[in-house]
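Q: Just so you know, the protein sequences line up as chains G, L and P, in that order. Numbered as in this note's numbering, the first sequence ends at 452 without a single skipped number. Numbered as in this note's numbering, the second sequence ends at 452 without a single skipped number. Numbered as in this note's numbering, the third sequence ends at 452 without a single skipped number. Using N, Cα and C, we set each Cβ at its ideal position, and we do this for glycine too. Bear in mind that the values here come from a model prediction, so they are computed numbers and not experimental data. Here you go, one structure.
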Amino acid sequence: MSFRTYKLKEIADYLDGEVIGDKEIEIRYIFPLDQANKNHLSFFYNKNFLNNLKNTKASAVILSKEFSGECHTNCVVVKNAHLAYAKATKLFKKEMSKTGIHPSASIEDKSLIDSSACIGPNSVIESNVRIGENVIIHGGAFLAEGTVVGENSIIYSNASLYEETLVGENCIIHANSSLGSDGLGFAINDSKWEKIEHLGNVRLENDIEIGAGCTIDRASSGETLLKSGVKLDNQVHIAHNCEIGENSIIGASTAIAGSTVIGARCKIGGGCGIVDNISIGDDVMITPMSFVTKSLKSKGIFSGGPILMKHENWLKNAASARRSTKK
Amino acid sequence: MSFRTYKLKEIADYLDGEVIGDKEIEIRYIFPLDQANKNHLSFFYNKNFLNNLKNTKASAVILSKEFSGECHTNCVVVKNAHLAYAKATKLFKKEMSKTGIHPSASIEDKSLIDSSACIGPNSVIESNVRIGENVIIHGGAFLAEGTVVGENSIIYSNASLYEETLVGENCIIHANSSLGSDGLGFAINDSKWEKIEHLGNVRLENDIEIGAGCTIDRASSGETLLKSGVKLDNQVHIAHNCEIGENSIIGASTAIAGSTVIGARCKIGGGCGIVDNISIGDDVMITPMSFVTKSLKSKGIFSGGPILMKHENWLKNAASARRSTKK
Amino acid sequence: MSFRTYKLKEIADYLDGEVIGDKEIEIRYIFPLDQANKNHLSFFYNKNFLNNLKNTKASAVILSKEFSGECHTNCVVVKNAHLAYAKATKLFKKEMSKTGIHPSASIEDKSLIDSSACIGPNSVIESNVRIGENVIIHGGAFLAEGTVVGENSIIYSNASLYEETLVGENCIIHANSSLGSDGLGFAINDSKWEKIEHLGNVRLENDIEIGAGCTIDRASSGETLLKSGVKLDNQVHIAHNCEIGENSIIGASTAIAGSTVIGARCKIGGGCGIVDNISIGDDVMITPMSFVTKSLKSKGIFSGGPILMKHENWLKNAASARRSTKK
Numbered sequence: 126m127s128f129r130t131y132k133l134k135e136i137a138d139y140l141d142g143e144v145i146g147d148k149e150i151e152i153r154y155i156f157p158l159d160q161a162n163k164n165h166l167s168f169f170y171n172k173n174f175l176n177n178l179k180n181t182k183a184s185a186v187i188l189s190k191e192f193s194g195e196c197h198t199n200c201v202v203v204k205n206a207h208l209a210y211a212k213a214t215k216l217f218k219k220e221m222s223k224t225g226i227h228p229s230a231s232i233e234d235k236s237l238i239d240s241s242a243c244i245g246p247n248s249v250i251e252s253n254v255r256i257g258e259n260v261i262i263h264g265g266a267f268l269a270e271g272t273v274v275g276e277n278s279i280i281y282s283n284a285s286l287y288e289e290t291l292v293g294e295n296c297i298i299h300a301n302s303s304l305g306s307d308g309l310g311f312a313i314n315d316s317k318w319e320k321i322e323h324l325g326n327v328r329l330e331n332d333i334e335i336g337a338g339c340t341i342d343r344a345s346s347g348e349t350l351l352k353s354g355v356k357l358d359n360q361v362h363i364a365h366n367c368e369i370g371e372n373s374i375i376g377a378s379t380a381i382a383g384s385t386v387i388g389a390r391c392k393i394g395g396g397c398g399i400v401d402n403i404s405i406g407d408d409v410m411i412t413p414m415s416f417v418t419k420s421l422k423s424k425g426i427f428s429g430g431p432i433l434m435k436h437e438n439w440l441k442n443a444a445s446a447r448r449s450t451k452k
Numbered sequence: 126m127s128f129r130t131y132k133l134k135e136i137a138d139y140l141d142g143e144v145i146g147d148k149e150i151e152i153r154y155i156f157p158l159d160q161a162n163k164n165h166l167s168f169f170y171n172k173n174f175l176n177n178l179k180n181t182k183a184s185a186v187i188l189s190k191e192f193s194g195e196c197h198t199n200c201v202v203v204k205n206a207h208l209a210y211a212k213a214t215k216l217f218k219k220e221m222s223k224t225g226i227h228p229s230a231s232i233e234d235k236s237l238i239d240s241s242a243c244i245g246p247n248s249v250i251e252s253n254v255r256i257g258e259n260v261i262i263h264g265g266a267f268l269a270e271g272t273v274v275g276e277n278s279i280i281y282s283n284a285s286l287y288e289e290t291l292v293g294e295n296c297i298i299h300a301n302s303s304l305g306s307d308g309l310g311f312a313i314n315d316s317k318w319e320k321i322e323h324l325g326n327v328r329l330e331n332d333i334e335i336g337a338g339c340t341i342d343r344a345s346s347g348e349t350l351l352k353s354g355v356k357l358d359n360q361v362h363i364a365h366n367c368e369i370g371e372n373s374i375i376g377a378s379t380a381i382a383g384s385t386v387i388g389a390r391c392k393i394g395g396g397c398g399i400v401d402n403i404s405i406g407d408d409v410m411i412t413p414m415s416f417v418t419k420s421l422k423s424k425g426i427f428s429g430g431p432i433l434m435k436h437e438n439w440l441k442n443a444a445s446a447r448r449s450t451k452k
Numbered sequence: 126m127s128f129r130t131y132k133l134k135e136i137a138d139y140l141d142g143e144v145i146g147d148k149e150i151e152i153r154y155i156f157p158l159d160q161a162n163k164n165h166l167s168f169f170y171n172k173n174f175l176n177n178l179k180n181t182k183a184s185a186v187i188l189s190k191e192f193s194g195e196c197h198t199n200c201v202v203v204k205n206a207h208l209a210y211a212k213a214t215k216l217f218k219k220e221m222s223k224t225g226i227h228p229s230a231s232i233e234d235k236s237l238i239d240s241s242a243c244i245g246p247n248s249v250i251e252s253n254v255r256i257g258e259n260v261i262i263h264g265g266a267f268l269a270e271g272t273v274v275g276e277n278s279i280i281y282s283n284a285s286l287y288e289e290t291l292v293g294e295n296c297i298i299h300a301n302s303s304l305g306s307d308g309l310g311f312a313i314n315d316s317k318w319e320k321i322e323h324l325g326n327v328r329l330e331n332d333i334e335i336g337a338g339c340t341i342d343r344a345s346s347g348e349t350l351l352k353s354g355v356k357l358d359n360q361v362h363i364a365h366n367c368e369i370g371e372n373s374i375i376g377a378s379t380a381i382a383g384s385t386v387i388g389a390r391c392k393i394g395g396g397c398g399i400v401d402n403i404s405i406g407d408d409v410m411i412t413p414m415s416f417v418t419k420s421l422k423s424k425g426i427f428s429g430g431p432i433l434m435k436h437e438n439w440l441k442n443a444a445s446a447r448r449s450t451k452k
């Protein structure tokens, strides 16, 4: 791998920060404090890692003013070190060398694909699929009839977009995710299940990132909607007719059941289960492994993860919980 | 999208129901009460939504006799409104336009594929794969050697069927699901793991639906078996040698460990974990996020999901649970 | 299916065991005690199945000396019956008939692929991908730029390996798994999320098995590392910058958050959640459905799964837990 090299002052200018130390030093990559070495940039924004700051071998560290005294090497002082770190990573991102439509891609109608888009090998683009400027569809991805992908979006390998899935601008959908599968909708018919056909679709607004191995079901009718700025970690499940509010973020392996509405700027930890047909207000935080059974209207932090203990204590606890409820 | 239009009396006849109101009104689509408008059909079967019924703008509503008095618009009175709704959705389902074998599909032996089957672009059909009448294999799906797919079944994009996987009639397997992977079977050999080869397979009887992103392991020997009518939501995991009884339904992100046997007509919520080598009787219901560690023989409803509370209360609760078990 | 047939003495020799009974009997397959019949070999290593041993119809059973008296049929007496069973399965494994590069595979540079490797239909091998001796890449798999797959490794269908993913020797990656997706890394920027570009990669040492539908995120910088002998069940999630120690094994649907380090020889059950930035020592066992929020240094068994009870008791328990924490 070869990357561009920057002088520290160039980086500081880009981050709107100020160098304390050697402005001319060359920076070749970015690493955490404990892994960084000569010509590496690092970052500090979490006091738990203060010891790592003191011992780092990095040539420079991004941090906020209050910690510049703790830094024995060059530093770039910024207002918000976490945000500046995020911006700095963009300097070291490898450029994609791919362009154009790979001859092995199966494309029904090329006239709907912007000429700047990149379509990878052995991908499938069915009929009436519109693909915007600078979109990248990686190899093996599948876009069914009527799909739309807005400009600058990226669809990774082996992702599956069912019929009529709408993806906005600047979205990223990671590998092996499925958007638009039928929801779990059945009516009982004499102890057998009669399928409810799912006639709706999935719509993603802009600036959304969907992790790998996620599943988002199409609506029974209408749409399953992710609003702008939503971020899903890997293996998240969003059921039919859900709505996820702007800039909400959801941790890995969380599952949200049908028709539930999540507000804006929520932070939902990994491994949670949220039942169907409830609503969660704006700015709610739910810690990992929680089970949400009722609507939550107020802002606040809610928790429900099970408590870890030594195995023998858990056995006692289980026996006592079962006993006390039998009284 | 364009759909067929129906007169309300046509729909009532199809549903074996009776119109109260304007039999001639045109119906173009079906929507929930709160989203429906003019020329839309809606449905009511859950009293929690009585307010939506009173305020709906739908041109007609499917409901049972006891609620016809609450309906201010046209209605179709039926015996079982949920079931009638499921049947009504089939009227508005878009027809697939695809037919035939796409030239980019890789097919080892076309003679084993029924001429009515549809095989999508860039899919893979290995040797000795038998595909029945009216089967649809979507783009990017993979069917390994010796797979069988019975008539009217649908395999969605990027699903993976390992060697000898047997799929019955009228089954649906959603995108990115894997059937037939090896189970987690290892024997300790001097603190290293010696692999147990998985020699069995996966068999699905008829009328089964597997959600997106599911994983079903092949048996170590013999078969992992899903009996007719089983429905799995997305991201369900079924381990090697499990057996799931007829018409049982399992919610998203539930994992069932090896050799466990689930009875018929069970309803298992999402996010559950069920340990290996146990058996669960017929008609057992388990609510979401439960952990099942022992066989359950009796009918009944079992629960074990963790309890949500404000974060500060959870911290107190955790401290107290740990303290009390240490005594 | 046709398999090789062995005489019982041949099997005993291979397993370093001793036959009690008919050394010449023909063995055609291996089955659990309750499914085995004439000419089948079976195995016994778990006392819970003693009744099955007494009633088996198998022609022979692998077991340890202390149980030979309980066996009414021929037996192969070995030191470690579980390990001997694992080894015996290898005798009955079907040979792969595939070889060579399928013409429908998209391969950027064949010169980097060992001539003994097998590349399946409609798979994608991008530029600078090195593939070692006897590697098998199944149909529909995707290997991005700069990927390396060491000798004897197998990549199953529709698996996705992102840029620079490094896979060692004798590894197995099951279907629809994703290695190298970006971690969930964002910094807040005025209530919107600024993406942290993930510049690192995923590296797997040797003898690793990754189940179907797993997701392993690339490091933000540096590497997400699985050490030799690690075994993951299906649908496991490993976040960016994690390190999993040698020969640790992780059950299905467990999720491990960013930068957490797991020691060697750990056994982590299915359905667990483990928070970010903690470390778990060597030889720690965590039972299924647990939530790990703090580092665990000592050896030992830890548990935290929620307790199953009748639904009406769970409701009482929930009310009481909420009440007691409000005091």
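1) On a Cα-Cα basis, can you pick out the residue from L:Ser346, L:Ile403 and L:Ser445 that is closest to Phe174 of chain P?
2) Since Leu433 of chain L and Ser415 of chain G are thought to touch, with beta carbons under 8 Å apart, how far apart are those beta carbons, to the nearest angstrom?
3) Using a Cβ cut-off of 8 Å, pull out every chain P residue sitting near Lys317 of chain L, in sequence order please.
4) Anyone know if the C-beta pair for Gly429 of chain G and Pro431 of chain L falls short of 7 Å?
5) Compile a chain-ordered list of the residues in the stretch 410 to 438 of chain L whose CB is closer than 9 Å to at least one CB of chain P.
6) With 7 Å set as the bound, which would you pick, yes or no: does the beta-carbon of Gly275 of chain L sit closer than that to a beta-carbon of chain G?
7) Does the CB of His362 of chain G have a neighbour CB from chain L at under 7 Å?
8) Is Ser449 of chain L helix, strand or coil when you go by DSSP?
9) Round the Cβ separation of Val355 of chain L and Asn372 of chain L to the nearest angstrom and send it over; I've been treating them as touching at under 8 Å.
10) Using a Cβ cut-off of 8 Å, pull out every chain L residue sitting near Phe156 of chain P, in sequence order please.
11) Please state if the CB of Leu357 of chain G and the CB of Ile375 of chain G are separated by a distance shorter than 7 Å.
12) Using the C-alpha atoms, what's the distance from Asn359 of chain P back to Leu133 of chain L?
13) Among the candidates G:Leu291, G:Lys435 and G:Phe217, whose CA atom is the shortest distance from the CA of Arg447 of chain L?
14) In chain P, which residues lie with their C-beta within 7 Å of the C-beta of Asp358 of chain G?
15) Among G:Asn177, G:Arg343, G:His227 and G:Glu330, which one has its Cα closest to the Cα of Glu289 of chain G?
16) Confirm, please, whether the CB-CB distance from Gly142 of chain P to Val186 of chain P is below 7 Å.
17) Runs of 3 residues minimum, wholly inside the stretch 294 to 341 of chain L: which ones carry the beta strand (DSSP E) assignment?
18) Apart from the five residues on each side of it in sequence, which residues of its chain come closer than 6 Å, Cβ to Cβ, to Ser445 of chain P?
19) If you reduce the DSSP assignment to three classes, tell me which class Thr214 of chain L lands in.
20) Which residues mark the beginning and the end of the beta strand (DSSP E) in which Ala185 of chain P is found?
21) Who are the near neighbours of Asp407 of chain P in its chain, counting only those whose CB is closer than 8 Å to its CB and skipping five residues on each side?
22) For Ser240 of chain L, count neighbouring C-beta atoms within 10 Å of its own C-beta (all shown protein chains included) and say buried if the count is 16 or more, exposed if not.
23) Taking C-alpha atoms, which residue in P:Ala211, P:Val417, P:Lys419 and P:Gly395 lies nearest to Thr418 of chain L?
24) Work out the CA separation of Asn326 of chain L and Asn176 of chain P for me, nearest whole Å.
25) With a threshold of 8 Å on Cβ separation, who are the neighbours of Lys179 of chain L within its own chain once the five nearest residues in sequence on each side are excluded?
26) Any idea if Ala129 of chain L is buried or exposed, counting beta-carbon neighbours within 10 angstroms, 16 or more meaning buried?
27) Do Val292 of chain P and Ser278 of chain P have their CB atoms nearer than 7 Å?
28) Verify whether the separation of the beta carbon atoms of Asn301 of chain G and Asn247 of chain L is less than 7 Å.
29) Under three-state DSSP, which class holds Asn199 of chain G?
30) Going by beta carbon distance, what residues of the same chain come within less than 6 Å of Ala242 of chain P, once the five residues before and after it are set aside?
31) Taking any Cβ of chain G, which residues in the stretch 256 to 282 of chain L have a Cβ under 8 Å from it, in chain order?
32) If you follow the beta strand (DSSP E) that Glu143 of chain G is part of, which residue opens it and which one closes it?
33) Taking 7 Å as the threshold (beta carbon to beta carbon), is Arg328 of chain L in contact with chain G?
34) Give a yes or no on whether the minimum CB-CB distance between Ser127 of chain L and chain G is below 7 Å.
35) So, helix, strand or coil for Leu124 of chain G, using DSSP?
36) Please identify the residue among P:Glu220, P:Ile250 and P:Gly245 whose C-alpha is closest to the C-alpha of Asp234 of chain P.
A: Checking against the coordinates, here is how it stands:
1) Ranked by Cα distance from Phe174 of chain P, the options L:Ser346, L:Ile403 and L:Ser445 are led by L:Ile403.
2) Rounded, the Cβ-Cβ distance is 5 Å, consistent with contact.
3) Neighbours of Lys317 of chain L on chain P, chain order: Asp332, Gly354 and Asn372.
4) yes
5) Among the residues of the stretch 410 to 438 of chain L, those with a Cβ less than 9 Å away from any Cβ of chain P are Met410, Ile411, Thr412, Met414, Ser415, Phe416, Val417, Thr418, Lys419, Leu421, Gly425, Ile426, Phe427, Ser428, Gly429, Gly430, Pro431, Ile432, Leu433, Met434, Lys435, Glu437 and Asn438, in the order of the chain.
6) False, the Cβ-Cβ gap to chain G never drops below 7 Å.
7) yes
8) It is helical.
9) 7 Å
10) Ser346 and Gly347
11) yes
12) 48 Å
13) G:Lys435
14) Leu309, listed in chain order.
15) Among G:Asn177, G:Arg343, G:His227 and G:Glu330, the Cα nearest to that of Glu289 of chain G is on G:Arg343.
16) No, these two residues do not count as a Cβ contact at 7 Å.
17) The stretch 294 to 341 of chain L contains these whole beta strand (DSSP E) runs: 303 to 306, 311 to 314, 317 to 320 and 326 to 329.
18) none
19) helix
20) Ala185 to Ser189
21) Gly370, Gly388, Ala389, Arg390, Cys391 and Lys424
22) Only exposed fits Ser240 of chain L, as fewer than 16 other CB atoms lie within 10 angstroms of its CB.
23) P:Gly395
24) 26 Å
25) Glu195 and His197
26) Per the sequence shown, the amino acid found at residue 129 of chain L is Arg instead of Ala. Exposed, since its Cβ has fewer than 16 Cβ neighbours within 10 Å.
27) yes
28) no
29) strand
30) Ile256 and Val260
31) Residues passing the 8 Å Cβ filter: His263, Gly264, Gly265, Tyr281 and Ser282.
32) Glu143 of chain G -> beta strand (DSSP E) spans Glu143 to Ile145.
33) no
34) With a pLDDT of 45 at Ser127 of chain L, under the threshold of 50, the modelled position of this residue cannot be trusted; read the value that follows with caution. No, because no Cβ of chain G sits closer than 7 Å to the Cβ of Ser127 of chain L.
35) Nothing about residue 124 of chain G can be read from this structure; chain G reaches only from 126 to 452.
36) P:Ile250
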